[in-house]
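S.K.: Here's a structure for you.
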Ligand SMILES: [Ca+2]
Ligand SMILES: [Ca+2]
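See the structure below:
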């Protein structure tokens, strides 16, 4: 084993037990998991407006249509970066960049009240649709958002999952994305908000036609200054 690898393992052991600070250990980020859930045991206490539903054999946080949830993390130790990872399921018939009354269908992630992801998604039976994802934020000029024109399901890691309601049990009715965001952050508290803004002329069945959920969410505070 290389000396560098041995140093890495030793320094992680030191960091885990947290009693020593060694010059040899500087430069190795200290990572602390501050939230982790696979939603198999219900709604974690720090999820606001949380609900858990069974989808495809496991618990997911959702389903939501319009609206969504917040995760409140408090009392974090010193850090300068936050990493957030989770699976995002886009269920049933999303119309992406389509004009009204069917679109646009937008999924939103806010960090401490500021926009982190604002992207349209297309899924299901939408003909000639486009979506902006994997572009995370549409450029804003001439008084309007200009969403990228990507094909439906762009950057999805699974496209053969069953739908949840309108396309229940139909293969390809749900697409799954892996959301990974890392950003500068130093406050001891973090507010993560996930929402959607969806347009559907079929008001009575909107929550069945277009919904979303998340799974396997992890939030990690990182101190790169150790
Ligand atoms: Ca799960
Ligand atoms: Ca729609």
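Numbering (our numbering), first residue to last: 205 to 430. Built from N, CA and C at the ideal position, the CB exists for glycine as well.
Out of 424, 406, 335 and 408, which one is the CA nearest neighbour of residue 396?
M.R.: On the chain shown, position 192 is the one that residue 396 refers to. Minimum Cα distance to residue 396 is reached at 424.
S.K.: Considering residue 398, what are the terminal residues of the beta strand (DSSP E) in which it resides?
M.R.: Taking the chain shown and counting its residues from 1, one reaches residue 398 at position 194. 394-401 is the extent of the beta strand (DSSP E) around residue 398.
S.K.: Is it buried or exposed for residue 418, if we count other Cβ within 10 angstroms and need 16 for buried?
M.R.: Residue 418 sits at position 214 when you count from the first residue of the chain shown. Under this definition residue 418 is a buried residue.
S.K.: Expressed to the nearest angstrom, what Euclidean distance is found between the alpha-carbon atoms of residue 225 and residue 410?
M.R.: In the chain shown, counting from the first residue as 1, residue 225 sits at position 21. In the chain shown, counting from the first residue as 1, residue 410 sits at position 206. The predicted model places residue 225 with a pLDDT of 46, which falls under 50 and marks its position as unreliable; any figure quoted below should be read in that light. Each residue's Cα considered, the two are about 56 Å apart.
S.K.: Could you tell me the boundaries of the beta strand (DSSP E) in which residue 319 lies?
M.R.: Residue mapping note: residue 319 aligns to position 115 of the chain shown, counting from 1. Where residue 319 is concerned, the enclosing beta strand (DSSP E) stretches over 318-324.
S.K.: Looking at the structure shown, is residue 308 part of a helix, part of a strand, or coil, going by DSSP?
M.R.: Start at 1 with the first residue of the chain shown, and residue 308 comes out as number 104. Correct three-state label for residue 308: coil.
S.K.: With a cut-off of 8 Å on the beta carbons, I'd call residue 351 and residue 342 a contact; round off their distance for me.
M.R.: Indexing the chain shown from 1 puts residue 351 at position 147. Indexing the chain shown from 1 puts residue 342 at position 138. Confirmed, Cβ separation roughly 5 Å.
S.K.: Could you tell me the distance, in whole angstroms, from the CA atom of residue 345 to the CA atom of residue 334?
M.R.: Taking the first residue of the chain shown as 1, we reach residue 345 at position 141. Taking the first residue of the chain shown as 1, we reach residue 334 at position 130. The alpha-carbon atoms of residue 345 and residue 334 are separated by roughly 20 Å.
S.K.: Consult DSSP for residue 409 and reduce its assignment to one of helix, strand or coil.
M.R.: Your numbering for residue 409 matches position 205 in the chain shown. Looking at residue 409 - three-state DSSP - the assignment turns out to be helix.
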